[in-house]
Amino acid sequence: MKEKNIMITGASSGIGWAAAEALAAEGARLILCGRRENRLKKLQAQLDTPSHLLVFDVGDRKKVFEKINSLPEAFSSIDILINNAGNAHGLNPVHKSDLNDWDAMIDSNVKGLMYVTKAVLPAMVSRKTGHIINLGSIAGKEVYPNGSVYCSCKFAVDAFTQGLRLDLNPLGIKVSAIHPGMVDTEFSEVRFKGNKDKASKVYEGITPLHAKDVADLILYMAQAPDHVNIADVLLLPKAQANTYLTQRKS
Ligand code: 8X3
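Per the numbering used here, the sequence shown starts with residue 6, numbered consecutively.
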C-alpha cells in the first residue's frame with residue numbers, strides 16, 4: 006500500500022472513515038473526500054500517513070470535476086478509487102415517498118458515483134493501471150418493499166460496475182464491488198431523518214456488520230495481487246440471509 010494514492014468518497018463517517026483508518030495503517034496516501042470539512046480534518050489529524058482533503062458533494066457535478074482536477078501533483082495520480090459516498094432517504098411506498106428524497110438518493114448514489122469515476126478515470130486510462138472499488142448494497146441485488154428508489158440506485162451501481170469492468174478491461178484497470186447487508190453506521194439514522202429509535206430497531210436483536218468489517222474487505226481487495234480482481238462480493242452479517250430474513254434474538 007505504501008506510495009499508493011487512494012481516494013475515498015464519503016470519508017467523513019462510517020465505512021469511508023473506517024476504510025481510511027485501515028488503509029492508512031498500511032501506509033497508503035489518502036485523498037479524503039466528503040461534505041463535512043470538520044469531520045475530515047478530525048480524521049486527517051489522527052492518521053499517520055500523508056493525506057489531502059477534498060470538500061465537495063459528489064452530486065454537484067461542477068464541483069466534482071473542479072476539485073478532482075485541482076489535486077496537487079503529489080496526489081493527482083490516483084491508484085485506487087473507493088466510491089463509498091451515498092445514502093438512503095426515507096423508507097416509503099412509491100406513492101407516499103418524497104421527490105426530494107428521490108433526488109437526494111439518485112444524486113449521491115448514482116450520479117455522484119458516476120461523476121467521481123468519470124473525473125478520476127483519465128489519469129488511470131493514460132497510465133493503463135488503476136482499481137475502482139464501488140460500494141453497492143444488498144439493495145442492489147434484491148428489491149424490498151418501500152425501498153424501490155434506493156434499490157433502483159443500488160441496482161444502477163451494480164450495472165455501472167459491470168459496464169465499467171467491460172469498458173476498462175482492455176486498459177488494465179480493475180473494477181470491483183462490495184454489496185453489504187446490514188451495517189451499523191449512520192445509514193439508518195439518515196434514512197429515518199434522525200429518528201434514533203427507528204434506526205436502532207433495524208439492528209435490534211442481531212449483530213450487524215460494523216464499518217470496520219467492510220473496511221477490512223476493502224483493504225483485502227485493495228491489497229490483492231495485481232493479477233487478482235475480487236470482482237463482486239455480497240457481505241452479510243451472520244444473522245442475515247437476505248433483505249427480509251434475519252435471525253433476531255428477543
Ligand atoms: C444498506 C442495506 O438492506 O438496509 O445498503 O438497504 S439495506
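Positions of the beta carbon are idealized from the N, C-alpha and C atoms, including for glycine.
The criterion of a C-beta distance shorter than 8 Å is not satisfied by Leu37 and Leu28. If you draw a straight line from the Cα of Glu71 to the Cα of Ala25, it comes to about 23 Å. Between the C-alpha atoms of Lys47 and Ala164 there is a straight-line separation of about 35 Å. Here Gly117 is not near Val162, since their CB atoms are 8 Å or more apart. Within 7 Å of the C-beta of Thr248 there is at least one heavy atom belonging to ligand 1.
Within the stretch 6-40, the runs of alpha helix (DSSP H) that reach at least 4 residues and sit entirely inside it are, in chain order, 19-30. No heavy atom of ligand 1 is found nearer than 7 Å to the CB of Gly21.
Within the chosen limit of 7 Å, ligand 1 reaches the beta carbon of Pro185 through at least one heavy atom. Every unbroken stretch of the beta strand (DSSP E) spanning 3 or more residues and falling wholly within the stretch 134-165 is given here in chain order: 135-140. Remark: C-beta atoms of Pro185 and Asn151 do not approach each other more closely than 8 Å.
Each residue's CA atom was taken as its position, placing Gly177 and Met110 some 31 Å apart. With 16 or more other Cβ atoms from the protein chains shown falling within 10 Å of its own Cβ, Ala90 counts as buried.
Taking C-beta atoms under 8 Å as the contact rule, Ala93 and Gly141 fail to qualify, at a distance of about 13 Å. Closest in C-alpha terms to Lys67, from the list Tyr249, Ala124 and Pro213, comes Ala124. The beta carbons of Asn10 and Ile87 sit about 12 Å from each other, so the pair does not count as a contact at 8 Å. Taking 7 Å as the cut-off, the C-beta of Ile11 does not count as close to any heavy atom of ligand 1. If only complete runs of 4 or more residues are kept, the stretch 79-139 shows the alpha helix (DSSP H) at 104-110 and 118-132, in order along the chain.
Inclusion of Ile143 and Thr54 in the CB contact set at 8 Å is not warranted, their separation being larger than that value.
Excluding its 5 nearest sequence neighbours in each direction, Tyr225 has C-beta neighbours in its own chain below 8 Å: Ile235, listed in chain order. The beta carbons of Leu240 and Leu222 sit about 6 Å from each other, so the pair counts as a contact at 8 Å. With a cutoff of 8 Å on beta-carbon distance, Val69 and Phe80 are scored as not near each other.
Contact between Ile85 and Ile138 is confirmed by a C-beta separation of about 7 Å, below the 8 Å threshold.
Here the distance from the Cβ of Ser142 to the nearest heavy atom of ligand 1 is below 7 Å. Looking at the backbone, the Cα of Ala23 and that of Ala216 are separated by about 6 Å. Assigned with DSSP and collapsed to three states, Pro175 falls in helix.
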